[in-house]
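Worksheet: the structure to be examined is printed underneath.
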Amino acid sequence: MALSRRVLLGRLAATGAAGAALATGAGPARAAAPAHGGGRRVHTGFDRLSADGYRLLDGHKVGIVTNPTGVTQDLRHIVDVMHADARVRLTAVFGPEHGFRGTAQAGGSEGRYDDPATGLPVYDTYNKSGKELAGIFTASGVDTVVFDIQDVGARFYTYIWTLYDCMVAAVLAGKRFLVLDRPNPVTGRAATGPVLDKAYASFVGREPIAQAHGMTVTELAVLFNGEFVPQAAGRPVELETVRMTGWRRGDFFGSTGLPWVPPSPNMPTPDTALVYSGTCLFEGTNLSEGRGTTRPFELLGADGIDRHWAAAATELDLPGVHFREAYFTPTFSKFQGKTIGGVQLHVHDPGTFDPVRTGIGLLVTAKRVWSGFAWRPDNGIDRLTGSATVRKMIDAGAGPDEITAAWQENLTRFRAVRRRYLRYR
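Just so we're aligned, residue 6 is where the sequence shown starts under this note's numbering, counting upward by one.
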């Protein structure tokens with residue numbers, strides 16, 4: 006009997022996924038299946054959902070919030086896989102910032118369209134929340150909203166707030182919510198950096214979590230549902246999660262065995278993610294954060310900066326990182342088409358490297374050595390750091406030690422809350 010393409014692809018997806026049983030909600034995760042060649046390999050939430058025959062989606066009309074990072078181990082997109090499987094009633098896709106297929110730059114999205122590959126309606130969630138987003142869920146006709154996007158571990162990376170906004174909207178629209186886990190690529194060892202002051206809430210930080218949160222998306226979802234969603238929506242969302250197997254809190258992305266797909270146009274490699282929670286702070290200044298180069302967030306600079314910045318940064322003796330005097334010409338964004346000077350970060354010991362402290366040290370030294378240093382006129386730095394404290398302390402001449410000490414009390418409180426929601430060792 007001939008098999009249709011849809012049925013055949015569905016069977017291939019099922020046989021290619023990990024065979025572990027699902028671990029959902031707050032129950033204990035089971036050990037990972039051995040990887041090929043005898044090593045350890047991570048199986049994502051989607052791997053485990055498909056291996057279980059999509060049991061958690063049985064009988065539901067499903068919509069999925071995802072982007073190019075929603076892929077299988079062999080780089081097939083999960084929307085294509087699920088659409089081809091007769092066991093899943095996938096009826097809608099919801100695109101975040103940069104869009105479902107990832108074609109839009111920062112601050113953009115792809116709008117509403119029908120996906121050419123599957124014919125599915127793609128709805129735009131970017132910068133939508135509350136009743137507006139709930140209305141989109143209602144109009145789509147789905148019963149269950151699934152979230153599967155690779156995060157990078159920084160509070161101001163907007164996908165985690167798309168997760169939060171979608172959870173709130175799901176409550177308002179009466180929808181069930183399922184989160185499929187992927188690794189925190191910079192480990193889940195610790196939360197570091199300042200905690201957001203709610204007075205500075207925005208789409209780069211809705212709720213008071215640390216600048217580098219040290220959590221996976223399912224851990225964040227459970228934390229959001231326990232601490233914040235009831236305040237925003239009146240009650241928690243009907244939440245289920247599918248955790249990974251094989252991932253440990255100390256794992257960097259390179260040890261997972263998973264393929265890296267850029268989560269956004271300026272996040273090309275796991276090395277970018279490693280520095281991002283610190284050097285993204287330069288978006289709040291008049292310096293280039295390296296957009297328009299092949300090393301965004303690793304290259305920083307401006308017109309008029311020379312070798313003195315790298316020398317000053319080196320004198321801070323920050324752990325795990327070297328600074329190289331660098332010159333580059335951005336092809337877009339700040340200083341487009343102009344050769345500028347600055348530094349390139351080279352992380353030689355990821356285990357000791359502290360991206361947030363490093364970002365603060367670079368801000369302090371940039372202001373000291375370059376007379377042209379300025380904050381962005383809208384004080385966007387305050388939204389990135391979560392308050393006006395960092396900006397005011399740097400302007401007052403404070404050093405990295407004094408600045409990092411100022412957030413320790415709030416960070417200690419957040420770490421205590423965070424600890425209750427961790428799901429991996």
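From the three backbone atoms N, C-alpha and C, an ideal C-beta is built for every residue, glycine too.
Residue i - containing alpha helix (DSSP H), residue span
{"i": "glutamine 413", "result": "413 to 424"}
{"i": "aspartate 129", "result": "Aspartate 129 -> not in any alpha helix (DSSP H); beta strand (DSSP E) instead, spanning 126 to 129."}
{"i": "aspartate 276", "result": "275 to 284"}
{"i": "aspartate 63", "result": "Here aspartate 63 belongs to no alpha helix (DSSP H), and DSSP marks it neither H nor E."}
{"i": "isoleucine 386", "result": "385 to 390"}
{"i": "phenylalanine 51", "result": "50 to 56"}
{"i": "histidine 88", "result": "83 to 88"}
{"i": "glycine 366", "result": "360 to 374"}
{"i": "arginine 312", "result": "312 to 320"}
{"i": "leucine 168", "result": "164 to 178"}
{"i": "valine 395", "result": "394 to 400"}
Selected residue, minimal CA-CA separation from residue i, among the options
{"i": "arginine 381", "options": "Pro405, Asp322, Gly289, Gln341", "result": "Gly289"}
{"i": "proline 73", "options": "His65, Gly64, Val98", "result": "Val98"}
{"i": "lysine 133", "options": "Leu62, Ile310, Glu102", "result": "Glu102"}
{"i": "serine 293", "options": "Thr221, Val200, Phe378, Val352", "result": "Phe378"}
{"i": "histidine 260", "options": "Val266, Ala315, Gly251", "result": "Histidine is not the amino acid found at residue 260; the sequence shown has serine there. Here the closest residue by C-alpha is Gly251."}
{"i": "glycine 364", "options": "Leu389, Lys343, Asp354, Gly342", "result": "Leu389"}
{"i": "glycine 198", "options": "Phe208, Gly219, Arg181", "result": "Gly219"}
{"i": "alanine 371", "options": "Gly347, Asp387, Pro355", "result": "Gly347"}
{"i": "cysteine 171", "options": "Arg187, Tyr118, Ala237", "result": "Ala237"}
{"i": "glycine 100", "options": "Phe333, Tyr332, Ser269, Asp387", "result": "Ser269"}
{"i": "leucine 433", "options": "Gly58, Val84, Ala315", "result": "Any question about residue 433 goes unanswered here, given that the chain covers just 6 to 430."}
{"i": "valine 147", "options": "Lys397, Asp63, Asp186, Phe229", "result": "Asp63"}
{"i": "leucine 80", "options": "Ala206, Tyr162, Val266", "result": "Val266"}
{"i": "arginine 424", "options": "Pro241, Ala111, Gly231", "result": "Gly231"}
{"i": "aspartate 186", "options": "Leu168, Arg240, Phe287", "result": "Leu168"}
{"i": "valine 47", "options": "Arg94, Glu320, Asn189", "result": "Asn189"}
{"i": "isoleucine 386", "options": "Ala278, Ala144, Cys285", "result": "Cys285"}
{"i": "aspartate 276", "options": "Phe105, Val184, Phe257", "result": "Phe257"}
{"i": "arginine 253", "options": "Tyr162, Arg430, Ile310, Thr417", "result": "Arg430"}
Burial state of residue i, where buried means 16 or more other Cβ atoms lie within 10 Å
{"i": "arginine 10", "result": "The predicted position of arginine 10 is uncertain, since its pLDDT is 38 and thus under 50; a value taken from the coordinates is nonetheless stated next. Under this definition arginine 10 is an exposed residue."}
{"i": "proline 121", "result": "exposed"}
{"i": "proline 405", "result": "buried"}
{"i": "glutamate 407", "result": "exposed"}
{"i": "leucine 304", "result": "buried"}
{"i": "glutamine 349", "result": "buried"}
{"i": "glutamate 212", "result": "buried"}
{"i": "isoleucine 399", "result": "buried"}
{"i": "proline 264", "result": "exposed"}
{"i": "threonine 149", "result": "buried"}
{"i": "aspartate 359", "result": "buried"}
{"i": "threonine 221", "result": "buried"}
{"i": "proline 39", "result": "With a pLDDT of only 33 at proline 39, under the threshold of 50, the placement of this residue in the model should not be trusted, and no figure is reported."}
{"i": "glycine 32", "result": "With a pLDDT of 35 at glycine 32, under the threshold of 50, the modelled position of that residue is not reliable, and the figure given next carries that caveat. Exposed, by the Cβ-count rule."}
{"i": "lysine 203", "result": "exposed"}
{"i": "alanine 28", "result": "Reliability of the predicted coordinates at alanine 28 is poor, the pLDDT of 42 falling under 50, and no value is obtained from them."}
{"i": "asparagine 384", "result": "exposed"}
{"i": "threonine 298", "result": "buried"}
{"i": "threonine 431", "result": "Nothing can be reported for residue 431: it is not among the residues displayed for the chain, which extend from 6 to 430."}
{"i": "aspartate 322", "result": "exposed"}
C-beta atoms of residue i and residue j nearer than 7 Å
{"i": "isoleucine 165", "j": "aspartate 153", "result": "no"}
{"i": "tyrosine 426", "j": "valine 191", "result": "no"}
{"i": "valine 326", "j": "valine 352", "result": "yes"}
{"i": "alanine 159", "j": "phenylalanine 419", "result": "no"}
{"i": "glutamate 224", "j": "arginine 428", "result": "yes"}
{"i": "serine 114", "j": "tyrosine 131", "result": "yes"}
{"i": "phenylalanine 182", "j": "leucine 244", "result": "yes"}
{"i": "glycine 255", "j": "arginine 194", "result": "yes"}
{"i": "isoleucine 69", "j": "valine 151", "result": "yes"}
{"i": "glycine 50", "j": "valine 247", "result": "yes"}
{"i": "glycine 391", "j": "tyrosine 118", "result": "no"}
{"i": "tyrosine 59", "j": "arginine 92", "result": "yes"}
{"i": "leucine 416", "j": "valine 280", "result": "no"}
{"i": "valine 234", "j": "valine 173", "result": "yes"}
Endpoints, beta strand (DSSP E) assigned at residue i
{"i": "glycine 452", "result": "Beyond the ends of the chain as shown, which are 6 and 430, falls residue 452; an answer cannot be given."}
{"i": "glycine 231", "result": "Premise fails: glycine 231 lies in the alpha helix (DSSP H), 222 to 232, not in any beta strand (DSSP E)."}
{"i": "aspartate 243", "result": "Position check: residue 243 holds glutamate in this sequence, whereas aspartate was assumed. Counting along the chain, the beta strand (DSSP E) containing glutamate 243 begins and ends at 243 to 247."}
{"i": "aspartate 153", "result": "149 to 153"}
{"i": "threonine 357", "result": "No beta strand (DSSP E) contains threonine 357, which DSSP labels as neither H nor E."}
{"i": "valine 200", "result": "197 to 200"}
Opposing strand residues paired with residue i [DSSP bridges]
{"i": "tryptophan 380", "result": "Thr290"}
{"i": "proline 301", "result": "Leu304"}
{"i": "histidine 351", "result": "His327"}
{"i": "isoleucine 69", "result": "Val98, Val151"}
{"i": "phenylalanine 257", "result": "Val191"}
{"i": "serine 207", "result": "Gly210"}
{"i": "leucine 183", "result": "Val151, Glu245"}
Interface flag, residue i vs chain D, CB-CB below 7 Å
{"i": "arginine 81", "result": "Although the question refers to chain D, the structure presented lacks it and comprises just one protein chain."}
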